[in-house]
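1 is the number of the first residue of the sequence shown in UniProt numbering; add one for each residue after it. Note that the Cβ used here is the ideal one computed from N, Cα and C, for glycine as well. Computed from a predicted structure; not experimentally measured. Everything below concerns the one structure shown next.
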Amino acid sequence: MNMDYKSQVRKRTEKLRSSLAPGDRIQREQRINEHLIAWLQAAIAGDGIRASGRTALSLIGETAQDPPVFSGNVTGTPPNGMDSIRTNEESTNLAQTKADQSDESAARSARQEELESPVFLAYVPFRSECDIKPVIEACWETGIRVYVPRSIYSTRELKFYEIHSWSDLEEGMHGILEPNRGNEILSDLLAVTAVLVPGLAFDRSFGRLGYGGGYYDRFLEQLLIACGKAEKKVPPLLAAAFEIQLADDLPMEAHDIRLDVIITESGIYTRT
Ligand SMILES: Nc1nc2c(c(=O)[nH]1)N(C=O)[C@@H](CNc1ccc(C(=O)N[C@@H](CCC(=O)O)C(=O)O)cc1)CN2
Ligand SMILES: Nc1ncnc2c1ncn2[C@@H]1O[C@H](COP(=O)(O)OP(=O)(O)OP(=O)(O)O)[C@@H](O)[C@H]1O
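Here it is as C-alpha cells:
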C-alpha cells in the first residue's frame, strides 16, 4: 500500500537531510540535542513522564536557554560511628564488620539506584540522521540508563541492550552500530521510561515514516501490549528530527504507531 509513494518520500527526505551544509547541520543538531536533553530533564525530574493527548501539531516553543543540566543523584555520607572504649581486637572486628556492612549496603543501594534509574531507549544514529550521541552521553553522565537496538533481520524484530560507552558497540545490520550481545538485555518492557524513535519523516498528526522494515512498529506494538496488560501508562514516544523532515500528511497504516513528542531545532511539538 502506497509503497511507491512511501519510498519516494524516504528517498526525498534522505536526500534533503544529507544535503544540509555541514556547519548548518551542526548548529541544528546542537539545538535539537539541547531541546531533547531539556525535555528529558523536565520529564524525568518531575513526574512529567506522561503520554500526551492528541490533536494538531502545537509548537511549545523554545526551551533550554542555558546548557541543560540533569540533576544528579545525591548520596549522603554515612554517619560517623559511635565512640566507646573497646579492645583492639573488638575494634578490628567491628571495623571489619562495618566495612563489610557498608560494602554490602553500598552494593545494595547501587542495585536499588540502578533499578530505579530511568530507562531511555535510544538508537545509534546512522546515514543522515540527526546526531543524538550527545544526548546519550548526557544520559550516561546523569544516571539515565541507555539501551539501543540490535535488529533481528529474520523476524524484523528489535532487541535492546544497555550501553555504557561507545566501545559497547559493534558494526551490525545495514552498517548500523549495534550493542554487544553480552550487555544487559532489556527484559522488562514495563521498566521503560521513554523511547526515542528514529524516522525519516513525521507529520502533523505525529505519524512517522521509517526505513521500511517495520522494526519499530512491531516493537512499539509489543510495548503497548505489555503496558496495556499491566494497566500501566505507555511511556512517551519521542522523535528527534530536523524541521525539513516534517511533512503535512504521511500515509499511515493500521500498524503505524503515533508519537507523542517531536523535537526539532525550532522547538518541542507535543501531541495535545
Ligand atoms: N539509527 C537507526 N537505527 C535503527 C533503525 C533506524 O531507523 N535508525 N531502525 C529502524 O527501523 C532499525 C534498522 N532498520 C533498517 C531498515 C532498513 C534499512 C535499509 O537500508 N533498507 C534498504 C531498503 C530495504 C531493503 O532492501 O531491505 C534501504 O533503505 O536501502 C536500514 C535500517 C534498527 N536500528
Ligand atoms: N506490528 C506489525 N506487525 C506485523 N507486521 C508489521 C507491523 N508493523 C509493520 N509491519 C509490516 O512491516 C512492513 C514495513 O512497515 P512500514 O513501511 O510501516 O515500516 P517503517 O515504519 O517505515 O519502518 P521501521 O519501523 O523499521 O522504521 C510492512 O510490510 C508492514 O506490513
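Are the C-beta atoms of residue i and some chain D residue less than 8 Å apart?
| i | result |
| --- | --- |
| TYR153 | Among the protein chains of the structure shown there is no chain D, as only one such chain exists. |
Do residue j and residue i count as a contact pair if the criterion is CB distance below 8 Å?
| i | j | result |
| --- | --- | --- |
| PHE120 | ALA21 | no |
| LEU200 | GLY213 | no |
| ILE32 | ALA240 | yes |
| SER105 | GLY143 | no |
| LYS232 | LEU190 | yes |
| ARG218 | GLU157 | yes |
| LEU169 | VAL124 | yes |
| ILE257 | LEU220 | yes |
| PRO149 | VAL192 | no |
| SER165 | TYR215 | no |
I need the straight-line Cα distance from residue i to residue j, nearest angstrom please.
| i | j | result |
| --- | --- | --- |
| ILE163 | VAL146 | 6 Å |
| LYS159 | ILE185 | 7 Å |
| GLU253 | PHE206 | 13 Å |
| LEU238 | SER266 | 15 Å |
| VAL74 | LEU250 | For VAL74, the pLDDT reaches just 22, beneath the cut-off of 50, and the residue's location in the model is therefore unreliable, leaving the point undetermined. |
| THR272 | ALA42 | 17 Å |
| SER154 | ARG12 | 28 Å |
| LYS15 | ASP260 | 26 Å |
| TYR208 | ALA99 | Looking at the sequence provided, one finds Arg at residue 208 rather than Tyr. Spanning the two alpha carbons is a distance of roughly 54 Å. |
| PHE242 | ASN183 | 31 Å |
| SER167 | GLU129 | 20 Å |
| ARG86 | GLN96 | Legend: pLDDT at ARG86 = 38, less than 50; position of this residue unreliable, no value from coordinates given. |
| GLN30 | ILE225 | 35 Å |
| ILE176 | TYR161 | 14 Å |
| PRO79 | GLN101 | Note on PRO79: pLDDT 25, under 50, position unreliable in the model; the coordinate value appears next. Roughly 13 Å separates the two Cα atoms. |
| GLU141 | CYS227 | 28 Å |
| ARG28 | THR270 | 19 Å |
| ASP24 | PHE126 | 18 Å |
| GLU113 | ALA107 | 10 Å |
| ASP131 | SER7 | 23 Å |
| ARG111 | ILE26 | 38 Å |
| SER109 | LEU40 | 24 Å |
| LEU223 | VAL9 | 27 Å |
| ARG181 | CYS139 | 21 Å |
| ARG50 | ALA230 | At ARG50, the pLDDT of 41 sits below 50, so the modelled position is not reliable; the number obtained from the coordinates is stated separately. Spanning the two alpha carbons is a distance of roughly 16 Å. |
| MET3 | SER19 | 24 Å |
Apply the 10 Å Cβ neighbour rule to residue i and answer buried if 16 or more other Cβ atoms are within range, or exposed otherwise.
| i | result |
| --- | --- |
| HIS174 | exposed |
| ALA122 | buried |
| GLN245 | buried |
| HIS255 | exposed |
| ASP103 | exposed |
| ASP188 | exposed |
| TYR5 | exposed |
| ILE44 | buried |
| GLU171 | exposed |
| ILE263 | buried |
| LEU36 | buried |
| ALA38 | buried |
| SER34 | The sequence given here places Glu at residue 34; Ser does not occur at that position. Classification of GLU34: buried, given that the 10 Å Cβ count is 16 or more. |
| ASP203 | buried |
| ARG17 | buried |
| LEU115 | exposed |
| PRO179 | buried |
Counting only runs of 4+ residues fully inside the region 182-261, write out the alpha helix (DSSP H) ranges in chain order. 215-229
Minimum length 3: unbroken beta strand (DSSP E) runs contained in the region 92-161: 119-121 and 145-152
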